[in-house]
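Since the structure comes first, as structure tokens, the remarks are kept for the end.
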Amino acid sequence: MADVQTTSQTILVVGGGMSGITAALEAAEAGYDVVLVEKNPYLGGRVTQLYQYFPKLCPPNCGLEINFRRMRQNPKVRFFTMAEVAGISGREGDYDVTVKLGPRFVNEKCTCCGKCADVCEVEIDNPFNYGMDKIKAAYLPHEFAFPMRYVLDPSIVGTDEGKKCLEACEHDAIDLDMQETTFDLKAGAIVWAAGWNPYDAAKVDYYGFGEYKNVITNVMMERMAAPNGPTEGKILRPSDKKEPKNIAFIQCAGSRDENHLPYCSGICCLASLKQTTYVRERQPECDITIFFIDIRALDRLEDFYVKVQEDEKVAFIKSKIANITEDEQTGNLILEGENTRTGEQILMNFDMVVLATGMVPNRIATDPAPDVSCDEYGFLTSDPEKAGIYGAGCVRRPTDVASSVQDATAGALKAIQSIARR
1 MADVQTTSQT ILVVGGGMSG ITAALEAAEA GYDVVLVEKN PYLGGRVTQL
51 YQYFPKLCPP NCGLEINFRR MRQNPKVRFF TMAEVAGISG REGDYDVTVK
101 LGPRFVNEKC TCCGKCADVC EVEIDNPFNY GMDKIKAAYL PHEFAFPMRY
151 VLDPSIVGTD EGKKCLEACE HDAIDLDMQE TTFDLKAGAI VWAAGWNPYD
201 AAKVDYYGFG EYKNVITNVM MERMAAPNGP TEGKILRPSD KKEPKNIAFI
251 QCAGSRDENH LPYCSGICCL ASLKQTTYVR ERQPECDITI FFIDIRALDR
301 LEDFYVKVQE DEKVAFIKSK IANITEDEQT GNLILEGENT RTGEQILMNF
351 DMVVLATGMV PNRIATDPAP DVSCDEYGFL TSDPEKAGIY GAGCVRRPTD
401 VASSVQDATA GALKAIQSIA RR
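Note that the working numbering numbers the sequence shown so that position 359 is 359, with each residue one more than the last.
This is the structure in structure tokens:
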């Protein structure tokens with residue numbers, strides 16, 4: 001059992017991405033005790049997996065480094081990684097919460113010397129890179145991880161590989177006896193900032209994701225472009241590691257479709273436009289075609305859209321691609337559809353395809369489950385009659401990083417007001 005002293009004046013923040021970190025810091029710097037729980041072995045959420053993010057097109061460590069420093073300096077914030085909320089009961093001002101802690105098999109004595117990874121021979125799919133490469137089963141989640149501490153995959157615990165890691169560690173940081181534990185806490189208010197998941201592109205079966213190696217998703221493309229990604233920043237076809245000569249971006253891959261995601265996630269168009277610039281910077285001769293229903297680049301980002309449009313190597317075709325098949329000999333992809341502006345049939349060949357999948361909110365799925373309001377798509381909504389649990393960031397609506405930060409600040413303020421009302 002973890003020793004966590006909390007009171008009804010404590011604010012619980014669920015999710016350690018940019019929204020959760022922001023909400024936690026804002027509440028703590030206003031003088032409130034905060035407990036932050038995150039299911040991954042590191043904080044930062046999906047922002048850490050981006051190469052660049054809007055509006056400044058800067059790398060993730062720009063904003064995260066400052067926030068991590070603020071967290072280290074503020075004793076009112078306590079955070080737990082590999083932690084999930086298992087149950088919530090009570091009401092505004094008086095919540096009882098159960099938190100489940102997964103075993104990391106590495107304790108706080110870890111110095112990140114990497115000797116456990118040096119001796120480990122077992123490899124696993126790298127979750128940080130969406131399985132596009134392999135890592136040792138004793139690993140640092142990523143080079144900018146916070147906390148900076150290794151993790152042992154459960155697959156080697158109880159095996160000779162686990163024993164080798166234990167023997168290689170000079171700091172007694174490996175603990176193969178760690179077990180899943182739970183602890184209870186009290187909170188006066190909860191900020192649910194659990195973030196989002198990409199829509200499962202495999203469900204859009206006519207695009208062949210998972211079957212054709214050279215069909216990837218937008219989140220995979222983001223990791224591919226990152227210098228610390230699976231290809232060290234090179235845009236390469238997964239099938240043969242060659243530079244593609246032409247790439248298709250398919251917008252609304254499953255979105256705005258009553259059979260999949262009926263709504264628009266709003267940011268997918270801009271993500272593809274941004275990723276188009278990644279390709280053009282690295283491979284000036286590569287041709288790009290963007291297939292779209294309509295491009296949604298709002299407010300100040302319209303200029304960015306116009307800039308991409310002016311690139312002679314980038315073509316925009318208004319079309320909902322109907323089907324993708326693979327040339328088995330070359331690995332190339334054949335796209336079929338209709339140009340909805342001209343009525344012409346499309347039959348085009350590409351080296352690689354990037355699917356722009358939408359954002360699915362991480363709902364509250366605890367037992368017992370609290371009474372909260374959601375819309376028909378699962379996004380948390382504001383209901384004055386159900387105060388005490390507040391959504392922040394992408395659990396309320398699909399949005400970008402900057403807007404998530406603003407929304408999280410509002411969520412922290414609402415949580416503080418809940419406590420003040422009691």
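Here a beta-carbon is modelled for each residue, glycine too, at the ideal position from N, C-alpha and C.
- prompt: At which residues does the alpha helix (DSSP H) containing E302 begin and terminate?
  reply: Your numbering for residue 302 matches position 302 in the sequence shown. Following the DSSP letters along the chain, one finds E302 inside the alpha helix (DSSP H) bounded by residues 302-309.
message: In the DSSP assignment, the alpha helix (DSSP H) including D160 goes from what residue to what residue?
response: Locating residue 160 in the sequence shown gives position 160, counting from the first residue. Here the alpha helix (DSSP H) through D160 covers 160-168.
- prompt: Can you check whether the CB of N228 is closer than 8 Å to the CB of A271?
  reply: Position 271 of the sequence shown, counting from 1, holds the residue named residue 271. Position 228 of the sequence shown, counting from 1, holds the residue named residue 228. Cβ atoms of A271 and N228: not closer than 8 Å.
- prompt: Does DSSP put Q179 in a helix, in a strand, or in coil?
  reply: For the purposes of this step, residue 179 is identified with residue 179 of the sequence shown, where counting begins at 1. Coil at Q179, not helix or strand.
message: Rounded to whole angstroms, what is the Cα-Cα separation between P230 and L185?
response: Sequence index remark: in the sequence shown, residue 230 carries index 230 (1-based). Sequence index remark: in the sequence shown, residue 185 carries index 185 (1-based). For P230 and L185, the distance between alpha carbons rounds to 39 Å.
- prompt: Any idea if M1 is buried or exposed, counting beta-carbon neighbours within 10 angstroms, 16 or more meaning buried?
  reply: Here residue 1 refers to the residue found at position 1 of the sequence shown. Low per-residue confidence applies at M1: pLDDT is 43, beneath 50, and the placement is therefore not dependable, though the value from the model is reported in the following sentence. Exposed is the call here.
- request: Ignore the nearest five residues each way along the sequence and tell me which others in V4's own chain have a CB closer than 6 Å to its CB.
  value: By one-based count along the sequence shown, residue 4 stands at place 4. Excluding sequence neighbours, V4 sits near F183, L185.
query: Can you tell me whether R341 is buried or exposed, with buried defined as 16 or more other CB within 10 angstroms of its CB?
result: Looking up residue 341 in the sequence shown gives position 341. Result: exposed.
query: Does DSSP put P154 in a helix, in a strand, or in coil?
result: As a working note, residue 154 is residue 154 in the sequence shown. Of the three classes helix, strand and coil, the one that applies to P154 here is helix, per DSSP.
field: Pick from G388, N362, T159, Y305 that is closest to I416, judged by C-alpha positions
entry: Translated into the one-based positions of the sequence shown, residue 416 becomes position 416. The option with the nearest alpha carbon to I416 is G388.
- prompt: What first and last residue would you give for the alpha helix (DSSP H) that runs through R282?
  reply: What you label residue 282 is simply residue 282 of the sequence shown in a count that begins at 1. R282 -> alpha helix (DSSP H) spans 268-282.
query: What is the DSSP secondary structure of D96, counted as helix, strand or coil?
result: Residue numbering aside, residue 96 sits at position 96 when the sequence shown is read from its first letter. Looking at D96 - three-state DSSP - the assignment turns out to be strand.
field: Within 8 Å, strictly: CB atoms of R78 and C110
entry: Mapped onto the sequence shown, residue 78 falls at position 78. Mapped onto the sequence shown, residue 110 falls at position 110. Cβ atoms of R78 and C110: not closer than 8 Å.
message: Determine whether the beta carbon atoms of E161 and V122 lie at a separation below 8 Å.
response: Taking the sequence shown and counting its residues from 1, the one referred to as residue 161 is at position 161. Taking the sequence shown and counting its residues from 1, the one referred to as residue 122 is at position 122. Cβ atoms of E161 and V122: closer than 8 Å.
query: Which residue comes first and which comes last in the alpha helix (DSSP H) that contains V405?
result: Reading the sequence shown from its first residue, position 405 is the one you call residue 405. From DSSP, the alpha helix (DSSP H) with V405 extends over 401-421.
query: Counting pairs of beta carbons, one from the segment 390-399 and one from the segment 17-37, are three or more of them closer than 8 Å?
result: yes
message: So, for K414: in the same chain, excluding its five sequence neighbours on each side, which residues have a beta-carbon less than 7 Å away from its beta-carbon?
response: By 1-based counting over the sequence shown, the position of residue 414 is 414. Within the same chain, K414 has close Cβ partners Y390.
message: I'd like to know if the segment 360-372 and the segment 201-216 are in contact, where contact means that at least 3 CB-CB pairs between them fall below 8 Å.
response: no
query: For the beta strand (DSSP E) that T217 lies in, which residues bound it at each end?
result: Position 217 of the sequence shown holds residue 217. Counting along the chain, the beta strand (DSSP E) containing T217 begins and ends at 215-217.
query: Is the beta carbon of A315 less than 8 Å from the beta carbon of T22?
result: Counting from 1 along the sequence shown, the entry for residue 315 is found at position 315. Counting from 1 along the sequence shown, the entry for residue 22 is found at position 22. Not closer than 8 Å, so no.
Beta-carbon proximity check, K318 vs N339, cutoff 8 Å: Counting from 1 along the sequence shown, the entry for residue 318 is found at position 318. Counting from 1 along the sequence shown, the entry for residue 339 is found at position 339. Yes, Cβ-Cβ distance for K318 and N339 is below 8 Å.
message: Does A322 pass the burial test, meaning 16 or more other C-beta atoms within 10 Å, or should it be called exposed?
response: Against the sequence shown, residue 322 aligns to sequence position 322. Counting Cβ neighbours within 10 Å, A322 comes out exposed, since fewer than 16 surround it.
query: Buried or exposed: K115, going by 16 or more other Cβ atoms within 10 Å of its Cβ?
result: For the purposes of this step, residue 115 is taken as the residue at position 115 of the sequence shown. The residue is buried, with at least 16 neighbouring Cβ atoms inside 10 Å.
message: Taking the straight line between their C-alpha atoms, what separation do you get for V14 and D200?
response: On the sequence shown, position 14 is the one that residue 14 refers to. On the sequence shown, position 200 is the one that residue 200 refers to. Cα to Cα, V14 sits roughly 23 Å from D200.
- request: Write down the C-beta distance between K136 and M82 rounded to the nearest angstrom, noting that I regard them as a contact closer than 8 Å.
  value: For the purposes of this step, residue 136 is identified with residue 136 of the sequence shown, where counting begins at 1. For the purposes of this step, residue 82 is identified with residue 82 of the sequence shown, where counting begins at 1. No, K136 and M82 are not in contact; Cβ-Cβ is about 18 Å, not under 8 Å.
field: Euclidean distance between Cα positions of N129 and T381
entry: Counting from 1 along the sequence shown, the entry for residue 129 is found at position 129. Counting from 1 along the sequence shown, the entry for residue 381 is found at position 381. Cα-Cα distance, rounded: 32 Å.
- request: Please classify P361: does DSSP put it in a helix, a strand, or coil?
  value: What you label residue 361 is simply residue 361 of the sequence shown in a count that begins at 1. In the structure shown, P361 adopts extended strand secondary structure according to DSSP, grouped into three states.
message: Just to confirm, is the Cβ distance from F54 to D299 under 8 Å?
response: By one-based count along the sequence shown, residue 54 stands at place 54. By one-based count along the sequence shown, residue 299 stands at place 299. Against a cut-off of 8 Å, the Cβ pair of D299 and F54 comes out as no contact.
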